[in-house]
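First comes the structure, then the notes that go with it.
Number of protein chains: 4
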Amino acid sequence: MTDRPLVISAPEPRTLDLIFRPERLAELRARYDIHEIETDALATLPDPVLGKARYVIGQPPIDEATLARMESLRCVFNVEGNLFLNMPYARLFERGIHVVTTMEVFARPVAEIGLGLALDLLRGITDSDLAFREGREAWGLDGNGSARLLSGADVGLIGFGSIGRSLLPLLQPFRPRLRIYDPWLPPSLIADAGAEPAALDAILRESDVIFVLASVTDENEGFLDKNAFARMRPGAVFVLLSRAGVVNFDALVAAVASGHIRAASDVFPEEPLDPEHPVRRTPGFLRSAHRAGALDVAFKMMGDMVMEDMDLLDRGLPPMRCKRAERETVDKMRSKPVEKS
Amino acid sequence: MTDRPLVISAPEPRTLDLIFRPERLAELRARYDIHEIETDALATLPDPVLGKARYVIGQPPIDEATLARMESLRCVFNVEGNLFLNMPYARLFERGIHVVTTMEVFARPVAEIGLGLALDLLRGITDSDLAFREGREAWGLDGNGSARLLSGADVGLIGFGSIGRSLLPLLQPFRPRLRIYDPWLPPSLIADAGAEPAALDAILRESDVIFVLASVTDENEGFLDKNAFARMRPGAVFVLLSRAGVVNFDALVAAVASGHIRAASDVFPEEPLDPEHPVRRTPGFLRSAHRAGALDVAFKMMGDMVMEDMDLLDRGLPPMRCKRAERETVDKMRSKPVEKS
Amino acid sequence: MTDRPLVISAPEPRTLDLIFRPERLAELRARYDIHEIETDALATLPDPVLGKARYVIGQPPIDEATLARMESLRCVFNVEGNLFLNMPYARLFERGIHVVTTMEVFARPVAEIGLGLALDLLRGITDSDLAFREGREAWGLDGNGSARLLSGADVGLIGFGSIGRSLLPLLQPFRPRLRIYDPWLPPSLIADAGAEPAALDAILRESDVIFVLASVTDENEGFLDKNAFARMRPGAVFVLLSRAGVVNFDALVAAVASGHIRAASDVFPEEPLDPEHPVRRTPGFLRSAHRAGALDVAFKMMGDMVMEDMDLLDRGLPPMRCKRAERETVDKMRSKPVEKS
Amino acid sequence: MTDRPLVISAPEPRTLDLIFRPERLAELRARYDIHEIETDALATLPDPVLGKARYVIGQPPIDEATLARMESLRCVFNVEGNLFLNMPYARLFERGIHVVTTMEVFARPVAEIGLGLALDLLRGITDSDLAFREGREAWGLDGNGSARLLSGADVGLIGFGSIGRSLLPLLQPFRPRLRIYDPWLPPSLIADAGAEPAALDAILRESDVIFVLASVTDENEGFLDKNAFARMRPGAVFVLLSRAGVVNFDALVAAVASGHIRAASDVFPEEPLDPEHPVRRTPGFLRSAHRAGALDVAFKMMGDMVMEDMDLLDRGLPPMRCKRAERETVDKMRSKPVEKS
């Protein structure tokens, strides 16, 4: 062992090569002693290693006894994003050990494609390209029967976390009437961001475009259901970017199939999806195979974030770059693990 | 005849019902005497009508002799957009009669779909939806091989008129490096707008995304040719929104077909286009059938613009809402007439 | 004479050294033949010079006969800003000769100090610094009895030309309710700029801060009078940045002296002002001695603008950088000449 | 006692009437049982009160034993802003009890006056108004010898907390080159906010305007000293808005007195300040008697923030509106208590 701080690396299902650019990885290795382990091997590490470990990259299972041996631990860098209930969070928080996630790297890519999906549905970009390929395109005004502008539209956001904060500035030049529903936030924070805090019902009933950005919790699973879609304006555009678990997916597909609304989704109840799933053939539905965030350039930012927060933590400061898990909410989250990057 | 100012209406190929909302049209009829004529009938109008006519809506042919009879004429409102050489512009300008167009109504719709087309090509929205329909989608990172972010990209605009001014604020939150080429503008105006004035060659060579917004003139016809496309970065995105005449269209299709660049276009060498035209089958090409501007809501804004400028002109002020044709450039324009709205 | 285009220079009361940076002046001299004349000497120039002159810098008197001899004239660059009725504008416009001004160089400096003056009055910056110098300052909350935030305030602009367009983006981050009155503009242009078009009365009655940016014309001289000030909210802030001629200055001073409103002004009925003028001793009045625009860096931009438009005009294009005088309004203007820079 | 949650109120040196608007205070009293106590009386409260207390408004001294009796405590709302070391923070954090401050209410008022002070110094607003009062004003260009624009200037921020986040959008329309130094933040957060992370030395050497927004800690007391001022550009503007403790105040006054820089300050080594302190007579120094944040409208927002976070905490969620004290930094802070609001 060296004098350098010790890092235990168990980033599965990611790899260090995925989340660090080469020069960043070299920097990591130069500044820290890296112990790379299988995700289940933490408890088997010898006391000197566990006792000296300042950081964990990944979210290997940690039991109470092992945690007790990790006397120098300052921070667990969860690079998967979903928080598994595989470590004693209460005890970690009691000791002041941070648990942070690097999910924010996906916010900008998701926001960009989210805007693209909304513009596609509003203007019929994909459908009219297909028609053009097949020689049945309609020209000019004749082809714009259901086309709508985003400028000045009534836009609603359901959930206002990192994706919402990335999406908001992309929407603002369209000067929409922008309403946001997020029960975990004080309304004034939403107003400060330049939007109107609103009830879910108002957003459903009074939006031309709705972006769903909410995490799944044990309280909101499937809360966007048949009844919710029925309240939406005819022809409204529904863009699902966060987790399939927040919607009743069959009800969503039915609402689109009936012609009541149009929708785009990046997430699905099972991934990969059954080749026979009806969403594959539903007109008015735009599909993206969980591609919204998963760009190589986004994964590479994870390493940058980890390094920046390690630098703060090394200096006795709190991490400011990654998102901290919170004592109150860590066990409300219900996202499923990622099976592949 | 009444005491109201007289307007000659010949808006072909538009109609008053297309370009005025009903309440606006009622207002027009209440404030002015409207003489609706066939586009070729102007010279046949009696002297009292011609002599009293303050405005023309449309661009009917006007010969020197007829113009001489129109002693009260203040403004010709060209609602088609292209300026035909069917009236003695020199004489109109000499007399201080304004010739204005309402093309700016299309700027915002075109800018919106332009951004949508660019995001589609950068992220493969249409292609991956098609793959999904057919059960051959790639999930997550595997499906994002050629995906690119707009954030931080090198973006170039060729031409900076009303579309450019509408597109610029939509691009700015992506914090691109934004270069603009427009030889009809002083560089400092481009800098004031928050972009870098640049040479065409720099934009071609150093952009990830290029938006073509330039009008066709007798000087720039086909200036984006094989050589221009060859200078572009591999994988760059080319979005053509103004007029097909500024590109060598065969060279554009070839550049896309070769895989060198990706492209979207709203305009085509002939409209409607030959059912066998190869662009219909070119992978990497996204097609829009001259639908970018032609929304009903845009046409309806024409009437608003006309009414606002009539109000200024009635008060002895110059028109400020519509775009004025300029003595120096009116006969350089080479756009083809619109055959249908 | 050379082959270079010929420029007649009579920039009084400016000088070429004031309005051109040295390298720009060298460039001007390299590209053009410059004939520097006394402002009254134009008619005395020989025919070959007059006949070849493409541009005039300055606004020397031009009579009809002299103008007739100036066969190549394309543009008069008025670098003073006020348009004297000392040339036959109707004939110039008939011939398509542009008359342009470089006043826009002052827009940004004036907007900056305008915001500074408003913040000063809202927060009592000058008054509380004076109190502090004299040891009678009030601390914290005690010193903020009449302090007001600009954020969220009701702000009105009277006149929306180049200063308004420079001021608007400086105000927008304060998220004011922003109303603009400008009878020479179509309301939708104001709305497009992100403000509300409003009647003068609404602005007077419902603003916390009013910026006066309007030019003097033969129609609006003294239109902000005793009655106008009486309609303002008690404690409102009035910032006069354009011309003293638009207000009844005695009424303004009286309204401030009475404690009804607070005011700042950069312009005065006479400049320099009588040492005994009561405005010098009016509490609640903040005075600036016509310093808002007159920065050396602003004057130097005039030369840049002139050169950019000459470049366009040399290529047969219309000038786009300087502001063009308009046939309809050129003789409505009533600003007094500048006596010194 | 009622069924309502119990709040212990000891907001000294504030009062509930200062920090709550009347209707908010009524709401507070309707939703919670409020026990108003003298700041030193906490330990004397009976067990049923202490045991039921969910929130404390204020920062009364809390000893370990008393804290142990407060079994329901979720959050201490420090409405003074400075964190006194008068409670066992380590134990509070261990138990997951939040300690939050409402200082953010001052961010916007401080940012506004900060911009006003900078514009005043750049343009000489106060000094030229004084000259005007005394009949020795210089007109136009003559009065602008040392005037500078903020547009395009090199601007540096030292410290980037809530004031910085409020100031940044006010500065951005001036398109400055904006550098920020904050050793407690990861550089990429600064870059995401649209500025350049920079070393302190670069900011000192390369800025036209510097805003000091940093808190005093045990590490940075007096770090802006004679040497720091010497490194600044001649004529640069230094605006001190946070705490006098971060500068060597005598050195600051000397640097201004020498003519090397200009400065404005809202904070002073002692408040109130000695009537004979030389800063009162230093030309080039603009003084504000700790008035930057202390507006009634700001204090009233404290109550809104407290209520919003109580609402979240009541629902088992973490507070999101007030700023949380952090385990790592709570005992580094060295601000002096406020003696009066």
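Chains as they are written, first to last, in the working numbering: chain A, 1 to 341; chain B, 1001 to 1341; chain C, 2001 to 2341; chain D, 3001 to 3341. Glycine included, each C-beta is placed from N, C-alpha and C at the ideal position. Bear in mind the structure is a predicted one, so any value in this text is a computation, not a measurement.
Beta-carbon proximity of residue i to residue j, cut-off 8 Å
i               : j               : result
H2260 (chain C) : F2211 (chain C) : no
G1293 (chain B) : V1100 (chain B) : no
A2090 (chain C) : D2063 (chain C) : no
S207 (chain A)  : R233 (chain A)  : yes
H2035 (chain C) : V2076 (chain C) : no
E112 (chain A)  : S1151 (chain B) : yes
A2010 (chain C) : G2058 (chain C) : yes
R2205 (chain C) : V2237 (chain C) : no
L3312 (chain D) : M3305 (chain D) : no
G114 (chain A)  : L241 (chain A)  : yes
Chain-ordered neighbours of residue i on chain D, where CB pairs are closer than 9 Å
i               : result
E2112 (chain C) : L3119, L3122, R3123, L3149, L3150, S3151 and F3174
7 Å CB neighbourhood of residue i in its chain, flanking five on each side removed
i               : result
T2126 (chain C) : D2120 and L2286
M2302 (chain C) : I2019, V2079, T2102 and V2105
F1093 (chain B) : R1327
F2185 (chain C) : The sequence as given places Leu at residue 2185 (chain C); Phe does not occur at that position. Cβ neighbours of L2185 (chain C) beyond the five flanking positions: F2160.
M310 (chain A)  : Y55
Residue i: contacting residues in chain D (beta-carbon distance under 8 Å)
i               : result
G2235 (chain C) : The premise fails here: G2235 (chain C) is roughly 14 Å from chain D at the closest Cβ pair, so nothing lies under 8 Å.
P283 (chain A)  : The contacting residues do not exist; P283 (chain A) stays about 39 Å from chain D at best.
Listed by chain order, chain A residues near residue i by CB distance under 8 Å
i               : result
N1144 (chain B) : R291, A294, L295 and D296
F3093 (chain D) : G96
R3321 (chain D) : P186, S188 and L189
L1241 (chain B) : What L1241 (chain B) touches in chain A: nothing, since even the nearest Cβ is about 13 Å away.
Counterpart residues of residue i in DSSP-defined beta bridges
i               : result
K3300 (chain D) : In the DSSP output, where bridge partners are listed per residue, K3300 (chain D) has none listed.
I1034 (chain B) : B:V1007
G3058 (chain D) : D:A3010
A1053 (chain B) : B:L1006
L2240 (chain C) : C:V2212 and C:S2265
V247 (chain A)  : A:L224
Where residue i meets chain B, residues with beta-carbon distance less than 9 Å
i              : result
T217 (chain A) : Result: empty, since nearest Cβ-Cβ is about 23 Å, beyond 9 Å.
S128 (chain A) : R1287, S1288, A1289 and R1291
P343 (chain A) : Outside the displayed range of chain A (1 to 341) lies residue 343 (chain A), so it cannot be described from this structure.
Under 7 Å from the C-beta of residue i: neighbouring residues of chain D
i               : result
E2137 (chain C) : A3289
P2272 (chain C) : W3139
Neighbourhood of residue i by C-beta distance below 6 Å, restricted to the same chain and skipping five residues each side
i               : result
A2195 (chain C) : L2178 and I2180
G2159 (chain C) : D2182, L2213 and A2214
K300 (chain A)  : R21
Per-residue contacts from residue i into chain A (C-beta, under 7 Å)
i               : result
E3328 (chain D) : G316, L317 and P318
Within chain A, the residues that residue i reaches when beta carbons sit closer than 9 Å
i               : result
S1265 (chain B) : By Cβ distance, chain A contributes nothing, its closest Cβ being about 10 Å from S1265 (chain B), past 9 Å.
Chain-ordered chain C contacts of residue i [CB-CB under 7 Å]
i               : result
D1331 (chain B) : Per Cβ cutoff of 7 Å: no residues; D1331 (chain B) is ~11 Å from chain C at best.
P3109 (chain D) : L2149
Listed by chain order, chain B residues near residue i by CB distance under 8 Å
i              : result
F132 (chain A) : R1280, R1287, S1288 and A1289
Contact set for residue i: own chain, Cβ-Cβ below 8 Å, skip 5 residues either direction
i               : result
D3 (chain A)    : none
H3290 (chain D) : D3266, V3267, F3268 and E3271
A147 (chain A)  : L122, R123 and G124
Heavy atom of the ligand FMN within 7 Å of residue i beta-carbon
i               : result
G1194 (chain B) : For the structure depicted, the ligand FMN is absent and the ligand set is empty, with no information on it obtainable.
Contact set between residue i and chain B, taken where Cβ atoms lie within less than 7 Å
i               : result
E2023 (chain C) : What E2023 (chain C) touches in chain B: nothing, since even the nearest Cβ is about 15 Å away.
P169 (chain A)  : P1173
Task: Inside the region 128 to 196 of chain A only - alpha helix (DSSP H) runs reaching at least 4 residues - done: 162 to 171 and 187 to 192
Task: Complete runs of the beta strand (DSSP E) confined to the region 3253 to 3327 of chain D [at least 3 residues] - done: 3262 to 3265 and 3285 to 3287
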